[in-house]
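What follows is a set of notes on a single structure, which appears directly below.
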Amino acid sequence: MFCRDCGEKLSLRFMENEGLVPYCGKCEKFKFPFFPVAVSMAVVRRSDNKILLARHTGDADYKLIAGYIKKGENAEKTIPRELKEETKLNAVKWKYLASRYHDAKDILMLGFLVFCDDGEISLNEEIEEIRWCTPEGAKEIIRKNSTAEYFLNVAIREIERKK
Ligand SMILES: [Zn+2]
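In this note's numbering, the protein residues as written are 699 to 861.
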């Protein structure tokens, strides 16, 4: 681990209430790690409560729509932007569900339940195919043991709690 400001090798130093935190001896400052943040969206069509699953280009199985939060943006802005960019659908309302650290990509994912209305769908190059699924159908085809599966299950519990 190296200092992002001066390039010096970081050591771990004890910080009260935080424990061991990376420290730069040259800057004489603690350097908390930075990592990207993204939203994961369980998109539900309001007319029939079906959940949108997407198969990304080159992928064999299905996941939820997700996207990075841009610098300066808040999650509330990322949700409609990403959904529109990838499918042309309009997000009508959304609810924060849970967050999870996605180790493989070193990102923090924020999970949302997102409602949309019917609309013409036009996929961008990132997505090859989408499917509207019942909760049971979605559970069957979502990639197993994935972060998407975790957020899908949280979203389904939330949908069923509200029935
Ligand atoms: Zn430094």
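Virtual Cβ for every residue (Gly too), placed ideally from N, Cα, C.
Please read these numbers as outputs of a predicted model, since none were measured by experiment.
Note: Tyr-848 is not bridge-paired with any residue in the DSSP secondary-structure output.
Between the stretch 734 to 746 and the stretch 806 to 819 there are three or more inter-stretch CB-CB distances shorter than 8 Å, so the stretches are counted as touching. Minimum Cα-Cα distance from Gly-817 among the listed residues Tyr-848, Leu-781, Phe-700, Gly-717 corresponds to Leu-781. Bounds of the alpha helix (DSSP H) holding Gly-835 are 833 to 839. Distances taken from the Cβ of Asp-703 to the heavy atoms of ligand 1 include one shorter than 7 Å.
For Leu-781, the uninterrupted alpha helix (DSSP H) segment begins and ends at 773 to 785.
As summarised for the stretch 802 to 833, the continuous beta strand (DSSP E) elements at least 3 residues long and confined to that stretch are 805 to 814, 825 to 831, given in chain order.
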